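Report on the following structure.
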Amino acid sequence: MSVRHSISLSYANLPEAARTLFRLLGWLSSRRFSTRTVATLAGTTPAATGGLLEKLAGAGLLQRRPGGLYELHSLFQEFAVEADDED
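Going left to right, the sequence shown walks through residues 95 to 181 as this note's numbering numbers them.
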């Protein structure tokens, strides 16, 4: 199974709100970000955004980093941008 296929399966099994947030993350200029930064960009609360970021991390699409940060690997970032272009 290819890496892209694995990413696609993980993405497809997410709820729509998490998929929407994942696509937004692809457009960030930094691959590391905080819950608060993403919440501001998404126009949601940090609590709601935090739950979605945890769903993405649980699906293996984000990495948790020290200091309450998350990181989006460049392969996942590319997939997120492509998925956004398809929608």
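Every residue, glycine too, gets a C-beta built ideally from N, C-alpha and C.
Just so you know, these numbers come straight off a predicted model, no measurement behind them.
Mind checking whether residue i and residue j have CB atoms under 8 Å apart?
{"i": "Ala136", "j": "Leu115", "result": "yes"}
{"i": "Ser104", "j": "Leu155", "result": "yes"}
I need the straight-line Cα distance from residue i to residue j, nearest angstrom please.
{"i": "Leu163", "j": "Leu147", "result": "10 Å"}
{"i": "Val175", "j": "Arg158", "result": "20 Å"}
{"i": "Val97", "j": "Thr139", "result": "32 Å"}
{"i": "Ala111", "j": "Val132", "result": "13 Å"}
{"i": "Glu165", "j": "Arg125", "result": "5 Å"}
{"i": "Gly161", "j": "Phe127", "result": "10 Å"}
{"i": "Gly152", "j": "Arg117", "result": "16 Å"}
{"i": "Lys149", "j": "Leu119", "result": "14 Å"}
{"i": "Glu172", "j": "Trp121", "result": "9 Å"}
For the beta strand (DSSP E) containing residue i, name the first residue and the last one.
{"i": "Ser128", "result": "Arg126 to Ser128"}
Along the alpha helix (DSSP H) that carries residue i, what are the first and last residues, could you check?
{"i": "Leu118", "result": "Glu110 to Leu119"}
{"i": "Ala141", "result": "Pro140 to Gly152"}
Should residue i be counted as a contact of the ligand HEM given a C-beta to heavy atom distance under 7 Å?
{"i": "Trp121", "result": "Because no ligand of any kind appears in the structure shown, any question about the ligand HEM cannot be addressed here."}
Using three-state DSSP, classify residue i as helix, strand or coil.
{"i": "Leu166", "result": "coil"}
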